[in-house]
Amino acid sequence: MSVVSESIAQRVTLGLLVEQYGFELDPPFASNVTVTSLSDAMDTVFPGSLFVCRKTADLAYAERAGAYAALMPRSMKGQVHADIPVMYGDCDDRVLGELASGLAGNPSNTMALFAVTGVDDDTIEADVSQLAEFLHMLGNPVAVISAAGSTSMTHTMALNYPLGILDVERTLSVCAEDGVAAVIVALNGRTLAKHALASVNVDVLGAQHAQLMEDVDALKERYSFVADQKLTMTTTTFESDEIAAESPAMNDRGRLGHLSLAVAMVLAAGVRKNNIRSALRVAGNLK
1 MSVVSESIAQ RVTLGLLVEQ YGFELDPPFA SNVTVTSLSD AMDTVFPGSL
51 FVCRKTADLA YAERAGAYAA LMPRSMKGQV HADIPVMYGD CDDRVLGELA
101 SGLAGNPSNT MALFAVTGVD DDTIEADVSQ LAEFLHMLGN PVAVISAAGS
151 TSMTHTMALN YPLGILDVER TLSVCAEDGV AAVIVALNGR TLAKHALASV
201 NVDVLGAQHA QLMEDVDALK ERYSFVADQK LTMTTTTFES DEIAAESPAM
251 NDRGRLGHLS LAVAMVLAAG VRKNNIRSAL RVAGNLK
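Per the UniProt record's numbering, the sequence shown runs over residues 1 to 287.
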(Lines of atoms letter the chains of each structure in order from A and count residues from 1; the text may use other names and numbers.)
(Lines give C-alpha, C1' and ligand atoms only; values in the text may rest on other atoms or scores of the structure.)
Protein backbone atom coordinates (compact mmCIF):
# COMPACT_ATOMS: atom_id res chain seq x y z
CA MET A 1 0.00 0.00 0.00
CA SER A 2 2.81 2.42 0.99
CA VAL A 3 0.63 5.51 0.88
CA VAL A 4 -1.09 7.96 3.17
CA SER A 5 -3.82 9.42 1.02
CA GLU A 6 -7.60 9.60 0.98
CA SER A 7 -8.02 9.67 4.74
CA ILE A 8 -5.36 12.36 5.07
CA ALA A 9 -6.21 14.76 7.87
CA GLN A 10 -3.72 17.56 7.17
CA ARG A 11 -2.92 19.34 3.92
CA VAL A 12 0.43 21.07 4.03
CA THR A 13 2.46 23.35 1.82
CA LEU A 14 5.97 22.61 0.68
CA GLY A 15 7.08 25.79 2.42
CA LEU A 16 5.90 24.42 5.75
CA LEU A 17 7.83 21.18 5.20
CA VAL A 18 10.95 23.14 4.25
CA GLU A 19 10.65 25.16 7.44
CA GLN A 20 9.97 22.13 9.63
CA TYR A 21 12.53 19.68 8.26
CA GLY A 22 15.18 21.90 6.66
CA PHE A 23 14.59 20.61 3.14
CA GLU A 24 15.86 22.58 0.13
CA LEU A 25 13.14 23.45 -2.38
CA ASP A 26 13.68 23.73 -6.11
CA PRO A 27 12.29 26.06 -7.34
CA PRO A 28 12.05 28.21 -4.19
CA PHE A 29 8.91 29.98 -5.41
CA ALA A 30 6.95 26.68 -5.19
CA SER A 31 6.59 27.06 -1.42
CA ASN A 32 2.81 27.53 -1.67
CA VAL A 33 2.23 24.21 -3.46
CA THR A 34 -0.03 22.05 -1.30
CA VAL A 35 0.32 18.27 -1.10
CA THR A 36 -2.60 16.06 -0.13
CA SER A 37 -0.99 12.62 0.09
CA LEU A 38 2.34 10.95 0.77
CA SER A 39 3.69 7.96 -1.14
CA ASP A 40 6.95 6.03 -1.33
CA ALA A 41 5.95 3.50 -4.02
CA MET A 42 5.34 4.23 -7.68
CA ASP A 43 2.11 2.25 -7.89
CA THR A 44 0.55 4.38 -5.15
CA VAL A 45 1.19 7.85 -6.55
CA PHE A 46 -2.00 9.88 -6.95
CA PRO A 47 -2.73 13.44 -8.10
CA GLY A 48 -1.64 15.65 -5.21
CA SER A 49 1.02 13.26 -3.90
CA LEU A 50 4.33 14.13 -2.36
CA PHE A 51 6.44 11.27 -3.72
CA VAL A 52 9.41 10.09 -1.67
CA CYS A 53 11.77 9.32 -4.55
CA ARG A 54 14.99 7.37 -4.07
CA LYS A 55 15.76 6.61 -7.73
CA THR A 56 16.02 9.28 -10.42
CA ALA A 57 14.33 6.93 -12.90
CA ASP A 58 11.15 6.93 -10.79
CA LEU A 59 10.67 10.69 -10.96
CA ALA A 60 9.24 10.80 -14.49
CA TYR A 61 6.68 8.13 -13.62
CA ALA A 62 5.62 10.05 -10.53
CA GLU A 63 5.15 13.19 -12.64
CA ARG A 64 2.95 11.33 -15.12
CA ALA A 65 0.91 9.84 -12.27
CA GLY A 66 0.07 13.31 -11.00
CA ALA A 67 2.52 13.88 -8.15
CA TYR A 68 2.60 17.54 -7.11
CA ALA A 69 6.13 17.33 -5.71
CA ALA A 70 8.97 14.95 -4.93
CA LEU A 71 11.30 14.51 -1.98
CA MET A 72 14.77 13.28 -2.90
CA PRO A 73 18.08 12.74 -1.06
CA ARG A 74 20.42 15.73 -0.96
CA SER A 75 22.98 13.65 -2.82
CA MET A 76 20.74 13.74 -5.91
CA LYS A 77 20.65 17.53 -6.09
CA GLY A 78 21.65 18.69 -9.56
CA GLN A 79 21.23 15.22 -11.06
CA VAL A 80 17.60 15.49 -12.15
CA HIS A 81 15.45 17.68 -14.37
CA ALA A 82 11.90 17.77 -13.09
CA ASP A 83 8.68 19.40 -14.20
CA ILE A 84 7.38 19.38 -10.63
CA PRO A 85 8.88 20.96 -7.50
CA VAL A 86 11.56 18.87 -5.80
CA MET A 87 12.62 19.05 -2.17
CA TYR A 88 16.05 17.76 -1.24
CA GLY A 89 16.74 16.48 2.23
CA ASP A 90 17.58 13.59 4.48
CA CYS A 91 14.43 11.49 4.77
CA ASP A 92 15.32 8.61 7.06
CA ASP A 93 12.69 6.40 8.66
CA ARG A 94 12.27 8.79 11.57
CA VAL A 95 11.52 11.73 9.27
CA LEU A 96 9.28 9.60 7.05
CA GLY A 97 7.34 8.49 10.12
CA GLU A 98 6.91 12.07 11.31
CA LEU A 99 5.75 13.16 7.85
CA ALA A 100 3.28 10.31 7.54
CA SER A 101 1.94 10.72 11.05
CA GLY A 102 1.57 14.48 10.70
CA LEU A 103 -0.23 14.26 7.37
CA ALA A 104 -2.56 11.60 8.76
CA GLY A 105 -3.39 13.74 11.80
CA ASN A 106 -1.29 11.76 14.31
CA PRO A 107 -3.87 8.96 14.58
CA SER A 108 -1.98 6.90 17.18
CA ASN A 109 -2.46 9.77 19.64
CA THR A 110 -6.24 9.45 19.44
CA MET A 111 -6.44 5.76 20.37
CA ALA A 112 -4.96 3.45 22.99
CA LEU A 113 -2.35 1.30 21.27
CA PHE A 114 -1.49 -2.16 22.60
CA ALA A 115 1.54 -3.93 21.12
CA VAL A 116 1.87 -7.68 21.65
CA THR A 117 5.09 -9.61 21.17
CA GLY A 118 6.06 -13.18 22.01
CA VAL A 119 8.30 -16.17 21.45
CA ASP A 120 6.63 -17.19 18.17
CA ASP A 121 4.05 -15.96 15.67
CA ASP A 122 1.33 -18.40 16.73
CA THR A 123 1.55 -17.28 20.35
CA ILE A 124 1.54 -13.60 19.37
CA GLU A 125 -1.49 -13.99 17.12
CA ALA A 126 -3.41 -15.93 19.77
CA ASP A 127 -2.55 -13.29 22.37
CA VAL A 128 -3.71 -10.53 20.00
CA SER A 129 -6.99 -12.33 19.34
CA GLN A 130 -7.69 -12.86 23.05
CA LEU A 131 -6.84 -9.25 23.91
CA ALA A 132 -9.15 -7.98 21.16
CA GLU A 133 -11.99 -10.14 22.45
CA PHE A 134 -11.36 -8.98 26.01
CA LEU A 135 -11.23 -5.27 25.15
CA HIS A 136 -14.44 -5.64 23.15
CA MET A 137 -16.02 -7.31 26.17
CA LEU A 138 -15.10 -4.20 28.17
CA GLY A 139 -17.05 -2.07 25.70
CA ASN A 140 -14.23 -0.71 23.54
CA PRO A 141 -14.44 -0.33 19.75
CA VAL A 142 -11.38 -2.39 18.77
CA ALA A 143 -9.06 -2.71 15.78
CA VAL A 144 -6.46 -5.40 15.15
CA ILE A 145 -3.35 -5.09 12.98
CA SER A 146 -1.94 -8.57 12.41
CA ALA A 147 -0.80 -10.67 9.47
CA ALA A 148 -3.27 -13.28 10.73
CA GLY A 149 -6.09 -10.86 9.91
CA SER A 150 -6.55 -7.13 10.39
CA THR A 151 -9.89 -5.62 11.32
CA SER A 152 -11.30 -2.23 12.21
CA MET A 153 -14.34 -2.86 14.37
CA THR A 154 -16.56 -5.09 12.23
CA HIS A 155 -14.87 -4.88 8.85
CA THR A 156 -11.80 -6.65 7.52
CA MET A 157 -8.87 -4.61 6.23
CA ALA A 158 -7.12 -6.11 3.21
CA LEU A 159 -3.45 -5.28 3.75
CA ASN A 160 -0.17 -6.42 2.23
CA TYR A 161 2.31 -7.66 4.83
CA PRO A 162 4.73 -6.86 6.24
CA LEU A 163 3.49 -3.30 6.64
CA GLY A 164 5.80 -0.35 6.14
CA ILE A 165 5.72 3.08 7.77
CA LEU A 166 3.15 4.60 5.43
CA ASP A 167 1.02 1.45 5.50
CA VAL A 168 0.78 1.63 9.28
CA GLU A 169 -0.14 5.32 9.35
CA ARG A 170 -2.77 4.83 6.66
CA THR A 171 -4.24 1.88 8.58
CA LEU A 172 -4.29 3.77 11.88
CA SER A 173 -5.97 6.70 10.13
CA VAL A 174 -8.73 4.40 8.87
CA CYS A 175 -9.18 3.02 12.40
CA ALA A 176 -9.44 6.52 13.84
CA GLU A 177 -12.04 7.48 11.23
CA ASP A 178 -14.05 4.38 12.17
CA GLY A 179 -14.19 5.51 15.79
CA VAL A 180 -11.86 2.85 17.18
CA ALA A 181 -10.79 3.38 20.80
CA ALA A 182 -8.13 0.67 21.09
CA VAL A 183 -5.75 -0.78 18.50
CA ILE A 184 -3.86 -4.04 19.03
CA VAL A 185 -0.73 -4.58 16.95
CA ALA A 186 1.10 -7.88 16.48
CA LEU A 187 4.75 -7.02 17.02
CA ASN A 188 6.38 -9.54 14.70
CA GLY A 189 8.14 -9.73 11.36
CA ARG A 190 5.13 -11.23 9.62
CA THR A 191 3.10 -8.12 10.35
CA LEU A 192 5.61 -5.26 10.45
CA ALA A 193 8.68 -4.32 8.47
CA LYS A 194 11.66 -2.85 10.30
CA HIS A 195 10.93 0.64 11.70
CA ALA A 196 7.27 0.34 10.63
CA LEU A 197 6.04 2.01 13.82
CA ALA A 198 8.11 5.18 13.42
CA SER A 199 6.25 8.02 15.21
CA VAL A 200 3.56 5.61 16.46
CA ASN A 201 2.87 5.93 20.18
CA VAL A 202 2.63 2.61 22.06
CA ASP A 203 0.75 2.75 25.35
CA VAL A 204 1.02 -0.87 26.56
CA LEU A 205 3.57 -3.48 25.48
CA GLY A 206 3.03 -7.09 26.49
CA ALA A 207 4.32 -10.64 26.18
CA GLN A 208 3.42 -13.87 27.93
CA HIS A 209 7.03 -14.89 28.52
CA ALA A 210 8.80 -11.58 29.06
CA GLN A 211 11.94 -13.26 30.38
CA LEU A 212 12.50 -14.84 26.96
CA MET A 213 11.93 -11.62 25.03
CA GLU A 214 14.06 -8.71 23.88
CA ASP A 215 13.92 -5.75 26.22
CA VAL A 216 11.85 -2.66 25.49
CA ASP A 217 14.81 -0.69 24.10
CA ALA A 218 15.64 -3.44 21.60
CA LEU A 219 12.04 -3.54 20.39
CA LYS A 220 12.00 0.25 20.13
CA GLU A 221 15.11 0.11 17.99
CA ARG A 222 13.65 -2.57 15.72
CA TYR A 223 10.20 -1.06 15.20
CA SER A 224 10.95 2.61 16.04
CA PHE A 225 7.82 3.17 18.09
CA VAL A 226 7.46 6.06 20.52
CA ALA A 227 6.65 5.44 24.17
CA ASP A 228 6.73 7.01 27.59
CA GLN A 229 10.03 6.48 29.39
CA LYS A 230 8.12 4.51 32.01
CA LEU A 231 6.97 1.89 29.48
CA THR A 232 7.88 -1.61 30.63
CA MET A 233 7.12 -5.08 29.34
CA THR A 234 3.78 -6.17 30.75
CA THR A 235 3.50 -9.88 31.41
CA THR A 236 1.27 -12.27 33.29
CA THR A 237 1.18 -11.91 37.07
CA PHE A 238 -0.28 -13.84 39.97
CA GLU A 239 -3.18 -11.40 39.96
CA SER A 240 -3.90 -11.79 36.23
CA ASP A 241 -3.53 -15.57 36.52
CA GLU A 242 -6.00 -15.58 39.39
CA ILE A 243 -8.63 -13.63 37.44
CA ALA A 244 -8.11 -15.72 34.31
CA ALA A 245 -8.33 -18.95 36.32
CA GLU A 246 -11.88 -18.07 37.37
CA SER A 247 -13.05 -18.23 33.77
CA PRO A 248 -13.98 -21.36 31.78
CA ALA A 249 -10.49 -21.18 30.28
CA MET A 250 -9.02 -22.55 33.51
CA ASN A 251 -8.92 -26.10 32.13
CA ASP A 252 -7.19 -25.00 28.92
CA ARG A 253 -3.61 -24.08 29.82
CA GLY A 254 -2.99 -22.54 26.41
CA ARG A 255 -5.99 -20.24 26.50
CA LEU A 256 -5.43 -19.50 30.17
CA GLY A 257 -2.08 -17.90 29.34
CA HIS A 258 -3.61 -15.76 26.59
CA LEU A 259 -6.42 -14.59 28.86
CA SER A 260 -4.02 -13.85 31.71
CA LEU A 261 -1.90 -11.65 29.44
CA ALA A 262 -5.02 -9.83 28.23
CA VAL A 263 -6.01 -9.16 31.83
CA ALA A 264 -2.50 -7.95 32.70
CA MET A 265 -2.37 -5.57 29.72
CA VAL A 266 -5.80 -4.13 30.45
CA LEU A 267 -4.79 -3.59 34.07
CA ALA A 268 -1.63 -1.85 32.82
CA ALA A 269 -3.84 0.45 30.75
CA GLY A 270 -5.54 1.61 33.93
CA VAL A 271 -8.75 -0.41 33.94
CA ARG A 272 -9.88 -1.29 37.45
CA LYS A 273 -9.84 -4.92 38.54
CA ASN A 274 -13.47 -4.71 39.65
CA ASN A 275 -14.50 -3.50 36.19
CA ILE A 276 -12.68 -6.42 34.62
CA ARG A 277 -14.40 -8.92 36.88
CA SER A 278 -17.78 -7.28 36.25
CA ALA A 279 -17.32 -7.44 32.49
CA LEU A 280 -16.36 -11.11 32.66
CA ARG A 281 -19.31 -11.84 34.89
CA VAL A 282 -21.78 -10.05 32.59
CA ALA A 283 -20.35 -11.92 29.62
CA GLY A 284 -20.96 -15.17 31.46
CA ASN A 285 -17.28 -16.04 31.58
CA LEU A 286 -17.12 -16.39 35.35
CA LYS A 287 -18.59 -19.26 37.27
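Glycine included, each C-beta is placed from N, C-alpha and C at the ideal position.
With distances taken from CA atoms, which of 282, 29, 260 is nearest residue 207? In terms of CA proximity to residue 207, 260 leads the group 282, 29, 260.
Counting only the same chain and skipping the five closest in sequence on each side, list residues whose C-beta sits under 8 Å from that of residue 280. Hits under 8 Å: 137, 243, 246, 247, 286.
Please report the distance separating the alpha-carbon of residue 178 from that of residue 273. In this structure, the straight-line span from the alpha carbon of residue 178 to that of residue 273 is close to 28 Å.
In angstroms, rounded to a whole number, what distance separates the CA positions of residue 167 and residue 38? Each residue's CA atom was taken as its position, placing residue 167 and residue 38 some 11 Å apart.
Does the separation of the CB atoms of residue 44 and residue 11 fall below 7 Å? Not closer than 7 Å, so no.
Looking at the secondary structure, which residues open and close the beta strand (DSSP E) in which residue 51 lies? 49 to 52 is the extent of the beta strand (DSSP E) around residue 51.
Supposed close pair residue 268, residue 234 - CB separation, criterion 8 Å: Residue 234 and residue 268 do touch by the CB rule: their CB atoms are close to 4 Å apart, below 8 Å.
Whole angstroms is fine: what's the gap from residue 7's alpha carbon to residue 99's? Note that residue 7 has pLDDT 44, beneath the 50 cutoff, so the model's placement of it is unreliable and no number is given.
Can you find the residues in the same chain that come closer than 6 Å, C-beta to C-beta, to residue 193, ignoring five residues on each side of it along the sequence? Same-chain partners within the cutoff: 162, 164.
Contact check, residue 30 vs residue 85, beta carbons under 7 Å: Yes, these two residues count as a Cβ contact at 7 Å.
Relative to the C-alpha of residue 169, which candidate in 132, 148, 112, 107 has its C-alpha closest? Comparing Cα-Cα distances from residue 169 to each of 132, 148, 112, 107, the minimum goes to 107.
Through-space distance from residue 141 to residue 54, alpha-carbon basis: So the alpha carbons of these two residues sit roughly 39 Å apart.
Taking the beta carbon of residue 75 as the centre, do at least 16 other beta carbons fall within 10 Å, making it buried, or is it exposed? It is exposed - the Cβ of residue 75 has fewer than 16 other Cβ atoms within 10 Å.
I need the DSSP call for residue 12, collapsed to helix, strand or coil. Residue state, collapsed to three classes: strand.
With distances taken Cα to Cα, identify the nearest neighbour of residue 14 among 40, 49, 42, 172. Scanning 40, 49, 42, 172 for the CA closest to the CA of residue 14 turns up 49.
Is the separation between the beta-carbon of residue 111 and that of residue 88 shorter than 7 Å? Taking 7 Å as the cut-off, the Cβ atoms of residue 111 and residue 88 do not count as close.
Let's test the definition: count the other Cβ atoms within 10 Å of the Cβ of residue 130 and tell me whether it reaches 16, buried, or not, exposed. Result: buried.
Rounded to the nearest angstrom, how far is the Cβ of residue 186 from that of residue 146, given a contact under 8 Å? That pair is a contact at about 4 Å.
Boundaries of the alpha helix (DSSP H) in which residue 62 is found, first to last residue: Residues 56 to 65.
Whose C-beta lies closer than 8 Å to the C-beta of residue 215 among residues of the same chain, with five residues either side of it excluded? The answer, listed in chain order, is 233.
Using a Cβ-Cβ cut-off of 6 Å (strictly less than) and excluding sequence neighbours within five positions of residue 96, which residues of its own chain qualify? In its chain, beyond the 5 residues on either side, 165 have a beta carbon closer than 6 Å to the beta carbon of residue 96.
Looking only at its own chain, which residues have a Cβ that is under 7 Å from the Cβ of residue 159, when we skip the five neighbours before and after it? Cβ contact annotation for residue 159 (same chain, cutoff 7 Å, sequence separation greater than five): 1, 150, 167, 171, in chain order.
Is it right to say residue 200 is buried, meaning 16 or more other beta carbons lie within 10 angstroms of its own, or is it exposed? The residue is buried, with at least 16 neighbouring Cβ atoms inside 10 Å.
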